[in-house]
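Sequence lines, in order, name chains A and B.
Residues 41 to 234 (the numbering used here) make up the first sequence, in order.
Residues 236 to 451 (the numbering used here) make up the second sequence, in order.
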Amino acid sequence: MSHSAMLEVKNVSFSINQNRLFQNLSFNLSEGEAIHIKGTNGSGKSSLLRILLGISSASKGDVIWNAAADKIFLGHKNVLKNYLTVADNLHLHGLNATHSEVKSMLQELNLHNKTDLLVGNLSYGQQKKLALVRIFLNTSKVIILDEPCVGLDDQTRVLITSFLSSELDKNKSIIFTSHIPLEIPSSEVVIGRL
Amino acid sequence: MFILFKLELFKLRKKLRAWLGPILVFLLITISFPLTVELASDDLKNVFYSVLWIASLLTVMVSVEGIFLEDYEDGTLENFSVSNDSLFAMVFMKIFIYWLLIGVPISLLGTFFSISMSGQISSINIALPSMLISTYIFINLFSLGNSLSLNKGSVLGALITMPLLFPILILLGKIVLNAGFGFEISNLLLLMLGVLLLIIVCIPFIISFIIRTHLE
Chain A
41 MSHSAMLEVK NVSFSINQNR LFQNLSFNLS EGEAIHIKGT NGSGKSSLLR
91 ILLGISSASK GDVIWNAAAD KIFLGHKNVL KNYLTVADNL HLHGLNATHS
141 EVKSMLQELN LHNKTDLLVG NLSYGQQKKL ALVRIFLNTS KVIILDEPCV
191 GLDDQTRVLI TSFLSSELDK NKSIIFTSHI PLEIPSSEVV IGRL
Chain B
236 MFILFKLELF KLRKKLRAWL GPILVFLLIT ISFPLTVELA SDDLKNVFYS
286 VLWIASLLTV MVSVEGIFLE DYEDGTLENF SVSNDSLFAM VFMKIFIYWL
336 LIGVPISLLG TFFSISMSGQ ISSINIALPS MLISTYIFIN LFSLGNSLSL
386 NKGSVLGALI TMPLLFPILI LLGKIVLNAG FGFEISNLLL LMLGVLLLII
436 VCIPFIISFI IRTHLE
């Protein structure tokens, strides 16, 4: 594995109950690169992400991460505590960002006046935005997102796209699944039939 | 590890009913028990310790009911298994903080009640160490049960764990018996401490493995 390579996926296959979702999937991810995993519903996109993260095991093949690649993941669950306020949730995730960075991101996502509200009282879209704040203010080198734009309005989607682009500029690597096209430079991995 | 401690403590502090509720249940049992029997009866002194053990057992069972469930449902455990942080450390810290916020207060309350029941300050030597050790063991074992039945309801977890608790209850009974006869109890306390030391290391490791299996 070269120094800039973050991930090497070699001939990965995955089956559930003898139903083969994908086979012999191979791709690489380098620093500052994004990969868009595409596929129809049930084609195994989320399963592939879970295999890459080491949560699930592949039926066959190898997933090799660079030892320096620390990962952060946002899946279908938002990793937020409903009984805590927005500010408390951000505190809980121990963000390394400065106060002004947090403030400006909350302002951009229109959450700045909601810091004292309980997360349980926010709408789904607002909770998703808050979950994304956690991702974008983290220092991990690899960002893995499963359908990051579900439940978000068009304006926020554009904003999220720009955040993702700036993460790439910081030499971070991104792997994401999305049915909604995101305007960031990325290579595609297609699984199943589109 | 210290950051983990701070974060878990922060979470539990904000969730008042998770730790204050069980302490109140314990208080209710220990206060209401003497009211239901003849106060002057000598039997009360004999059975009070049994009530203490059972009350602490039930309190711990209720308090750790959802120890991992919330983190499992909101994706925290998933994120922990992905990040470089150790799941073992997280489980260890969680159990320790539950003991700190629930186990220690009920041990102190139990000691206070045992002194007021026996009328002897020396009963602190029996109640305090045995309750401090036993509540930590109970929290570990019930957490194990809850991790096994993470997405299947807590009753199943409690049922699985119950047989593992019997030896500890027998030991606690022996401590009271020996103390009653004026025999040495430090050997039994040391035995319990030994069991606890073994459990402190093994149980979080087993739980973290079980959680990984659940996530998969």
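Cβ coordinates follow ideal geometry from the N, Cα and C atoms, glycine included.
At a C-beta separation below 7 Å, TYR123/A has these neighbours in chain B: LYS249 and LYS250. Where ASN64/A is concerned, there is no enclosing alpha helix (DSSP H), although the beta strand (DSSP E) around it starts and stops at 59-70.
For chain A, the residues of the stretch 311-326 of chain B that bring a beta carbon within less than 9 Å of one of its beta carbons are THR311, GLU313, ASN314, SER316, VAL317, SER318 and ASN319, in chain order. Take the alpha-carbon of PHE54/A and the one of ARG60/A: they are about 6 Å apart.
ILE95/A reaches chain B at GLU313, SER316, VAL317, ARG447, LEU450 and GLU451, counting residues in chain order whose Cβ is nearer than 9 Å. For the 8 Å CB-CB criterion, ILE302/B and LYS329/B form a contact.
The bridge partners DSSP lists for SER227/A are ILE75/A. The stretch 74-89 of chain A makes contact with the stretch 205-223 of chain A; the number of CB pairs closer than 8 Å reaches 3 or more. For LYS117/A, the nearest beta carbon of chain B is closer than 8 Å to its own beta carbon. GLU48/A is bridged by DSSP to ASN68/A and ILE104/A.
GLY354/B and LEU400/B have their C-alpha atoms roughly 29 Å apart. Taking a Cβ-Cβ threshold of 7 Å, the residues of chain B close to ASP128/A are LYS249, in chain order. Following the DSSP letters along the chain, one finds LEU255/B in no beta strand (DSSP E) but inside the alpha helix (DSSP H) bounded by residues 251-271. CA-to-CA, the gap between ARG248/B and LEU450/B works out to about 27 Å. The CB of PHE54/A never comes closer than 8 Å to any CB in chain B; the least such distance is about 12 Å. Remark: C-beta atoms of THR201/A and ILE224/A approach each other more closely than 8 Å. Rounded to the nearest whole angstrom, the CA to CA distance from LEU426/B to SER349/B is 22 Å. Here the stretch 410-429 of chain B makes no contact with the stretch 295-309 of chain B; the two share fewer than three CB pairs at distances below 8 Å.
The stretch 121-129 of chain A makes no contact with the stretch 101-113 of chain A, as fewer than three CB pairs between them are under 8 Å. Within the same chain, Cβ atoms closer than 6 Å to the Cβ of VAL230/A are found at LYS78, the five residues on either side in sequence being excluded. Taking CB atoms only, PHE245/B has a neighbour in chain A less than 8 Å away. Scanning the stretch 107-178 of chain A from its first residue to its last, the whole beta strand (DSSP E) runs of 3-plus residues come out as 111-114.
Distance from GLY165/A to GLY191/A at the Cβ level is roughly 5 Å; contact confirmed, criterion being Cβ atoms closer than 8 Å. About 7 Å separates the CB atoms of ALA108/A and LYS181/A; that is less than 8 Å, so the two are in contact. Taken atom to atom, the span from the alpha-carbon of LEU239/B to that of SER140/A is near 25 Å. Neighbours of PHE113/A across chain B, judged by C-beta separation under 7 Å: ASN314 and VAL317.
A Cβ-Cβ distance of about 3 Å is found for the pair GLY338/B and THR370/B, placing them in contact under the 8 Å criterion.
In chain order, PRO439, ILE442 and SER443 place their CB closer than 7 Å to the CB of VAL326/B, counting only its own chain and leaving out the 5 sequence neighbours on each side. Counting only the Cα atoms, ILE175/A lies some 10 Å from GLU207/A. Assignment of SER358/B by DSSP, reduced to helix, strand and coil, places it in the helix class. LEU242/B has a beta carbon lying within less than 8 Å of a beta carbon in chain A. LEU132/A has a beta carbon lying within less than 8 Å of a beta carbon in chain B.
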